[in-house]
Structure formats: structure tokens, C-alpha cells
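Here the sequence shown is numbered in the UniProt record's numbering, starting from 1 and rising by one per residue.
C-beta: ideal position from N, C-alpha, C; glycine also.
This one's a predicted model, so the numbers in the text were calculated from it and none came from an experiment.
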Amino acid sequence: MASISSLGIGSGLDLTTLLSNLTTAESQPLVALQSRQTSFVAKLSAYGVVQNSLSTLQTAAKVLADPTLFQASKASVGNASVLSAAPSATSVAGNYAVNVTQLAQSQTLITQGQTTATTAIGSGVVTFDFGTITNGTLDSTSGTYSGASFTADSSRKAVSVTIDSTNNTLQGVRDAINKSGAGVTASIVNDGSGTPYRLVLTSTQTGKASSMRVAVTGDTALQSLLANDPAGTQNLKQTAVAQNAELTVGGIAVTSGSNTVSEAIQGTSLTLLATGSSSVNVQQDSSPVVSAVNALVSAYNGLQSTAASLTNYDKSTQKAAALLGDSSLRTMQSRIRSLLSSPPPGASSSLQTLSAIGISFQKDGTLSVDSTKLNTALSTNPAGVASLFSSAGTSTDGYGKQLSSMIDGFTAVGGTLKAAQDGMNATIKKIDNEYTNMQARVDARVATYKAQFSALDTAVSSMNNTLSYLTTQFDAMNGTSSSSSSSSSSKN
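Okay, structure coming up:
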């Protein structure tokens with residue numbers, strides 16, 4: 001017997017709609033499971049939002065936990081054309097008089113003029129070492145010393161440059177020196193004379209100990225061009241002497257090999273720009289602390305706002321937020337507020353709570369900052385403010401480390417937030433398994449219904465076919481009987 005290709009064709013019944021309705025009815029438990037799963041997924045997502053807010057709060061707490069934050073200084077100079085000043089965490093406050101009498105500079109040497117920069121000069125090895133020139137007299141016209149001594153700087157290694165057929169022109173020598181890392185910058189100038197091309201050698205470092213000695217082995221021409229010993233034969237002309245910076249700070253003479261002078265004022269770096277006098281005023285800079293405190297308050301209020309939105313109930317829509325009534329979130333909020341309401345370990349006797357420096361809780365649970373009170377505390381008792389938030393080394397004193405440690409505990413294995421997240425994940429996984437099993441049962445029932453309906457369709461179709469056949473036969477028999485009766489009547 002032929003199979004039924006579509007439900008209802010054989011029987012004439014609307015079995016497709018009936019099967020669809022039965023499928024919907026059987027799937028109702030799946031809908032309930034999906035609704036439960038959506039609820040738990042929303043809670044898990046909400047915990048992620050809470051974790052982000054906690055992370056922001058922890059970051060702000062860590063900034064305040066660092067004692068160097070409270071050691072920040074700022075410096076102002078009276079004459080910015082003479083010098084600039086950069087303080088550090090170890091700077092000592094005070095007003096300092098600085099007089100710069102000499103800037104540090106690099107030594108510069110120049111060669112005799114050459115007709116071209118591309119003609120071969122000679123081959124050999126050029127060796128640079130550095131040191132201090134003493135006891136000599138410099139002839140300003142020739143740029144050479146007489147009666148001088150040269151003491152090599154033992155902290156710097158001599159560097160040799162090989163000159164051969166590939167680089168034995170003035171240009172080639174220049175390029176070879178610049179590539180060598182010898183501590184010398186080479187360039188070529190054209191002075192406009194009959195032999196205009198001169199090689200210029202400048203030490204890359206400033207200071208008296210950076211004077212150059214140039215030794216040459218090889219061709220005589222190369223030696224005549226570059227060999228230069230301040231205590232011996234000098235073929236180069238000095239146009240700039242290597243010298244130290246010289247200055248006084250509060251009347252104390254200071255020398256420096258560079259124009260960046262460290263520790264002439266404790267913890268403060270001076271950059272010398274010109275000779276002249278200037279004052280340098282160093283004082284504590286409380287602005288980083290104010291910014292950090294405001295960041296902590298903002299992060300705490302952000303957490304409160306997040307919690308409020310995640311536990312809200314909208315009366316107009318009669319919909320509850322994902323964490324309405326959630327005990328884990330309430331526990332974390334309560335513990336953080338309790339910590340910030342109590343004196344931290346290590347706090348000074350004069351400043352023991354946040355309210356003492358102008359940070360107070362509002363009726364809505366948020367924090368506010370009285371900037372005037374905070375600035376007053378920072379100007380009158382900076383050490384006390386520092387002890388409220390920070391501690392050095394492995395100490396766990398201060399709100400900063402206490403709060404950071406508490407948040408670490410929330411997110412650690414077994415912690416309040418981590419346990420809640422793990423519970424949500426476990427529940428979601430359980431629902432996934434239940435859904436898979438129930439879906440299989442629903443599919444089996446629907447398959448059974450479909451098979452039964454198909455069988456019904458086939459049976460009804462078969463009976464209809466039989467009925468049609470019998471009806472045709474009976475009609476044929478009735479037609480034959482009527483024909484015979486009519487024939488008999490005619491013969492009579």
C-alpha cells in the first residue's frame with residue numbers, strides 16, 4: 001500500500017495542525033527551562049558588571065596604597081631661560097639660589113681642508129679614546145695645546161675604525177666613524193676656501209673627561225689628516241673645548257660632566273640652559289593625592305550605582321533587575337562600607353577616619369568629598385593623610401591595601417563573588433543538561449504522535465478506498481439487475 005506523503009491527505013483530517021498543537025503542549029517544560037536559564041544567565045552577566053566595578057575600585061585603592069604618591073613634589077624656577085627643575089619623591093622642600101657660570105659642552109676637532117670629499121686619502125686604523133687634558137696651554141689661533149697631559153678615562157673603552165679601499169675618502173671616513181659607535185659624530189663642512197672640505201669630529205658626550213685622542217696606524221696621508229694627541233703631535237684643530245658645567249647652589253660650588261645635574265638639590269634634577277642666576281623653589285605637590293582620593297570616591301560611588309541598577313524593581317513594568325534580593329552583592333557592599341567606616345591599621349592618632357579629611361557617607365550610601373577640608377589636611381598634616389591610605393613594604397596598613405586585599409578575597413576561589421559566579425555557572429550547566437534530556441523526550445513523544453497519525457491516515461485512506469470500491473461494485477450490480485428486469489418485461 002502506498003505511504004502517505006503529508007499528514008491529513010489520506011484521512012482528510014487536519015492532522016498537521018493537531019500535531020503542531022501537541023508539539024507546542026509537549027514543549028511547555030522546555031519553555032520554562034529556557035526562562036530559568038535566561039534568568040541565571042542574566043545574573044551571571046550582572047556579576048560580571050559587579051566585578052568590573054570592583055576592579056575599578058581596587059585600581060583606585062592601589063594608587064593610594066603607594067606611599068610614594070604622598071611624597072610627590074613640584075618645583076618652580078625664577079628664571080626659566082637659565083634652567084629647569086624636575087623634582088622626585090625624594091626631593092627636599094626649600095628655596096634654593098642657583099648661579100650657573102659655565103655650561104658643559106663637547107669637544108670639537110676639525111681636519112685640514114681637502115680639495116674634494118671623494119678623493120682617496122689612505123688606509124689604516126683610526127682609534128678613538130677619551131680622557132682629560134691638563135697642564136697645557138691652548139693656542140686659540142691654531143687650536144692646539146702645548147705642554148699638555150692626557151689622562152685616559154678608564155671607564156670608556158677605545159674604539160677602532162678600519163679605513164680601507166671601500167671607505168678611504170673623506171666621505172667614507174665620515175660614514176665609517178658614524179657607523180662605528182665610537183662616541184664621535186663626524187660630519188663634513190665646506191668652508192668656501194680653495195681646499196674647502198673639512199671633516200668635523202664632535203664627541204657625543206659633554207664634560208672635561210670626554211676630550212678625544214685619535215691614534216692612526218697605516219698610511220702617512222691618513223695619519224697626517226687625523227692623528228691627534230693633545231700631549232703630542234696634533235694634526236687637528238680644536239674649535240670647542242670639552243668642559244664641565246659649573247654652578248653654585250646656595251653658595252656651594254658644583255661641577256657636572258653634563259648639563260643635567262642630579263642631587264645638587266636633593267632629589268631634584270636640574271637641566272642647565274644658559275649661564276645666569278635663578279631661584280628654584282621645591283615644595284610638596286598634593287594634587288596627585290587629591291586626584292587619587294577623588295578617583296577612589298568616584299569608583300566607590302560607581303559601585304553603589306551599579307548595585308542600585310542591578311537590584312532595582314520597576315513598578316511600572318513590574319520587572320525586577322537581575323540581582324534583586326541577591327545576598328552576595330549586599331554582603332560585599334556591607335563589608336566595603338564597614339571597612340571604610342573604621343580606622344585602618346597604622347592610621348595616625350590625629351587622622352583616623354575618612355571624615356577627618358573631608359570624605360563622608362551620604363544618606364544614599366555614596367561618598368562625597370569636602371575639597372577644602374581635604375586640602376587643609378594635606379597642607380597641615382600630610383604624613384597623617386598618608387598613614388590613612390598607604391604603607392611601605394609588606395605592611396598591610398592603610399585603607400589602600402586593606403580595600404585591595406578585601407576585593408582580592410571577593411574574587412578568589414571561595415570568595416563571595418567567585419562563589420556566586422561558580423554557583424550560577426553550575427546551575428546553567430545543570431539546566432543545559434535538563435533541557436537536552438527533556439528535548440529528547442519531547443522529540444520521542446512527537447515522533448510517536450506523528451507515527452500514530454500517519455498510521456491513522458493510512459488506515460482511513462485504505463478504508464476510504466475500500467468504500468469507494470464497494471460502492472462502485474454495488475452500483476454496477478444494481479445496474480445489471482435493472483437491465484435484466486427491463487428485458488423480461490419486453491418479452492412478456
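Beta-bridge partners of E246, as assigned by DSSP: Q102 and T255
Straight-line gap, G276 to A104 (C-alpha atoms, nearest Å): 14 angstroms
At least three beta-carbon pairs within less than 8 angstroms, the stretch 77 to 87 to the stretch 262 to 271: yes
Close Cβ partners of I428 (< 8 angstroms) along its chain, the five nearest in sequence each way excluded: Cβ neighbours of I428 beyond the five flanking positions: Q37, F40, V41 and L44.
K401 classed as buried or exposed, judged by whether at least 16 other C-beta atoms fall within 10 angstroms: buried
Collapsed DSSP secondary structure at D164 in the structure displayed: coil
Where L201 sits in the DSSP three-state scheme: strand
Short Cβ contact (8 angstroms threshold) for N228 with A245: no
Beta-carbon spacing of S405, P67 below 8 angstroms: no
Close-in-space but distant-in-sequence residues of the same chain around T202 (CB under 6 angstroms, 5 per side omitted): S106, T108 and T185
Beta-carbon gap between A299 and A60 smaller than 8 angstroms: yes
Backbone secondary structure at T115 - three-state DSSP: coil
Residue range of the unbroken alpha helix (DSSP H) whose run includes G276: Not the alpha helix (DSSP H): G276 falls in the beta strand (DSSP E), residues G276 to Q284.
Three-state class that DSSP yields for V216 in the structure shown: strand
Option in S187, K418 and D129 with minimal Cα separation from S160: D129
V173 vs V189 beta-carbon contact at 8 angstroms: no
T16 - DSSP class collapsed to helix/strand/coil: In the structure shown, T16 sits in a helix (DSSP, three-state: H, G or I).
Nearest residue (CA-CA) to V241, options Y145, A80 and L417: Y145
Close Cβ partners of N478 (< 8 angstroms) along its chain, the five nearest in sequence each way excluded: none
Cβ of I265 within 8 angstroms of any chain C Cβ: This model lacks chain C altogether; it includes just one protein chain.
Beta-ladder partner(s) of T137, from DSSP: S146
S323 - DSSP class collapsed to helix/strand/coil: Looking at the sequence itself, residue 323 is Leu, so the reference to Ser does not match. Coil, per DSSP.
Local conformation of M1 per DSSP, three classes: Note that M1 scores a pLDDT of 39, beneath 50, so its modelled location is shaky; the value from the coordinates is reported in the next line. Correct three-state label for M1: coil.
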